[in-house]
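Residue numbers (the working numbering): 3 to 159.
Glycine included, each C-beta is placed from N, C-alpha and C at the ideal position.
Following: one structure in structure tokens, then a few remarks.
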């Protein structure tokens with residue numbers, strides 16, 4: 003299970019890097035062509051927008067894999083260890099619920115946009131919206147990983 007999640011994290015990191023590098027390169031081309039050559043690229047703004055969306059959601063997956071989302075734990079640290087554990091798993095449950103909602107409505111959004119074509123790039127918008135269910139599934143997988151690690155640490159202690 004450990005090798006599965008380390009391999010998954012490598013793929014997610016590679017996708018995040020590729021999308022960010024592509025976003026930066028296309029944005030650089032867009033500015034160069036518009037400002038210096040006075041010949042703007044019609045497709046570059048749309049591609050930047052789509053790459054930024056994908057990069058953001060892949061980044062959110064990576065942050066959830068490391069349990070790195072911002073949280074205010076001032077009151078939680080004042081609670082007993084039992085209450086802290088309950089609140090931790092309540093947080094996991096809420097993230098899982100949000101991820102399931104994201105999967106459900108992401109698939110609905112994809113299906114309702116199969117015939118919609120992006121104006122500049124000419125690709126189906128459903129391809130862009132695949133990131134929503136992908137994000138939901140991968141966040142749930144990383145929640146399972148966190149619960150598995152927590153159970154393993156408790157068993158060893």
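Checklist entry - Counting pairs of Cβ atoms below 8 Å between the region 99-118 and the region 11-31, do you hit three or more? => result no
Next on the checklist: Let me check one thing: in DSSP terms, what residues is residue 126 bridge-paired to?
Outcome noted: 119
Checklist entry - Between the Cα of residue 62 and the Cα atoms of 14, 153, 152 and 113, which residue gives the shortest distance? => result 14
Next on the checklist: On the criterion of 16 or more Cβ atoms from any shown chain inside 10 Å, does residue 41 qualify as buried, or is it exposed?
Outcome noted: exposed
Checklist entry - Between 50, 72 and 33, which lies nearest to residue 22 when the distance is taken from Cα to Cα? => result 50
Checklist entry - Is it right to say residue 141 is buried, meaning 16 or more other beta carbons lie within 10 angstroms of its own, or is it exposed? => result buried
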